[in-house]
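Quick note on the working numbering: the sequence shown kicks off at 128 and runs consecutively.
No residue lacks a Cβ here, since even glycine has one placed at the ideal position from N, Cα and C.
Following: one structure in structure tokens, then a few remarks.
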Amino acid sequence: YNEYKSYLRMFKKFDSKENVIGTNQMKSSIQRAIKSKLVETYPNIEPYINDIIPKKMNLKITKCSEHIELVSSEVEPLFFKKRDGPYYPTLRLLHMYPNIMSKVQVDKGAIKFVLSGAHIMCPGLTSPGARLPEDVIDSDTPVSIYAEGKEHALAIGQTKMSTDEIKTVNKGIGVDNVHYLNDGLWRINL
128 YNEYKSYLRM FKKFDSKENV IGTNQMKSSI QRAIKSKLVE TYPNIEPYIN DIIPKKMNLK
188 ITKCSEHIEL VSSEVEPLFF KKRDGPYYPT LRLLHMYPNI MSKVQVDKGA IKFVLSGAHI
248 MCPGLTSPGA RLPEDVIDSD TPVSIYAEGK EHALAIGQTK MSTDEIKTVN KGIGVDNVHY
308 LNDGLWRINL
């Protein structure tokens with residue numbers, strides 16, 4: 128739990144001058160390993176992976192405080208991860224390729240809380256206007272978070288429990304919010 132709290136602290140007040148430790152060019156072998164890990168984590172990314180990360184693209188790895196690592200193109204971050212956790216796409220990338228990860232939808236009442244960095248509570252995912260997918264999503268799975276009536280994802284999170292448990296328990300945190308619109312990662316300049 129504390130690991131995800133540091134995601135929130137990190138990106139809530141993220142400043143590239145203060146939080147970036149160093150940036151290095153990525154070796155092609157590491158690039159291939161990351162691509163295969165992304166396809167393993169997000170099977171729906173496979174048709175787009177060579178568009179997102181072309182073979183001849185020079186990727187950079189940016190090490191940040193709090194053990195956060197950014198994988199970036201020449202112009203912007205594409206993915207991020209914490210320690211040995213999964214790679215998450217940035218929201219900018221997710222807006223270009225919206226179907227690369229599983230989706231959950233919060234009701235209108237949850238929007239302002241999600242956009243201030245709050246985790247998503249189970250009732251915000253089970254109330255009228257909210258939507259969980261028919262296929263079961265396991266706990267600890269990265270998901271995109273959409274809002275009732277909105278076209279684009281407003282956050283990226285990781286499930287704390289399976290979607291079946293979210294429906295039956297209907298209490299507590301259902302999804303940890305790890306990156307949301309207008310947080311420090313959204314505004315980053317590398």
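For a test of the three-state rule: what should DSSP assign to residue i, helix, strand or coil?
{"i": "Thr150", "result": "strand"}
{"i": "Phe141", "result": "coil"}
{"i": "Pro181", "result": "coil"}
{"i": "Asp303", "result": "strand"}
{"i": "Arg210", "result": "coil"}
{"i": "Tyr169", "result": "coil"}
{"i": "Ser163", "result": "helix"}
{"i": "Val231", "result": "strand"}
{"i": "Val270", "result": "strand"}
{"i": "Tyr224", "result": "coil"}
{"i": "Pro260", "result": "coil"}
{"i": "Pro255", "result": "coil"}
{"i": "Lys239", "result": "helix"}
{"i": "Glu130", "result": "Reliability fails at Glu130, whose pLDDT of 49 lies under 50, so the model's placement of it is uncertain and no value is given."}
{"i": "Asp265", "result": "coil"}
{"i": "Asn297", "result": "coil"}
Within the same chain, show all residues whose beta-carbon is closer than 6 Å to that of residue i, passing over the 5 residues directly before and after it, in chain order.
{"i": "Glu145", "result": "none"}
{"i": "Thr168", "result": "Pro213"}
{"i": "Arg210", "result": "His194"}
{"i": "Ser254", "result": "Asp234"}
{"i": "Tyr224", "result": "Tyr175"}
Identify every residue that forms a DSSP beta bridge with residue i.
{"i": "Pro204", "result": "Ser199"}
{"i": "Lys190", "result": "Gly149, Glu196"}
{"i": "Thr286", "result": "Val302"}
{"i": "Arg314", "result": "In DSSP, Arg314 forms no bridge with anything."}
{"i": "Ile247", "result": "Val302"}
{"i": "Tyr215", "result": "Phe207"}
Please work out which residues of its chain come closer than 7 Å, Cβ to Cβ, to residue i, disregarding the five sequence neighbours upstream and downstream, and give them in chain order.
{"i": "Arg219", "result": "Glu203"}
{"i": "Asp262", "result": "none"}
{"i": "Tyr307", "result": "Val241, Leu242, Gly244, Leu281, Ala282"}
{"i": "Ser200", "result": "Met184, Leu186"}
{"i": "Lys294", "result": "Thr253, Leu259"}
{"i": "Gly256", "result": "Asp234, Lys235, Glu275"}
{"i": "Ile148", "result": "Lys190, Cys191, Ser192"}
{"i": "Phe138", "result": "His306, Asp310, Gly311, Leu312"}
{"i": "His246", "result": "Ile300, Val302, Asp303, Asn304"}
{"i": "Lys164", "result": "Tyr214"}
For residue i, which residues in the same chain have their Cβ closer than 8 Å to its Cβ, ignoring the five residues on either side in sequence?
{"i": "Asn171", "result": "Asn226, Ile227, Met228"}
{"i": "Ile264", "result": "Ser229, Val231, Val270, Thr286, Ser289, Thr290"}
For the segment 269-281 against the segment 292-299, are there 3 or more C-beta pairs whose distance is under 8 Å? Between the segment 269-281 and the segment 292-299, the count of Cβ pairs shorter than 8 Å is below three; the stretches do not touch.
Given 8 Å, three or more beta-carbon pairs between the segment 180-190 and the segment 262-279: no
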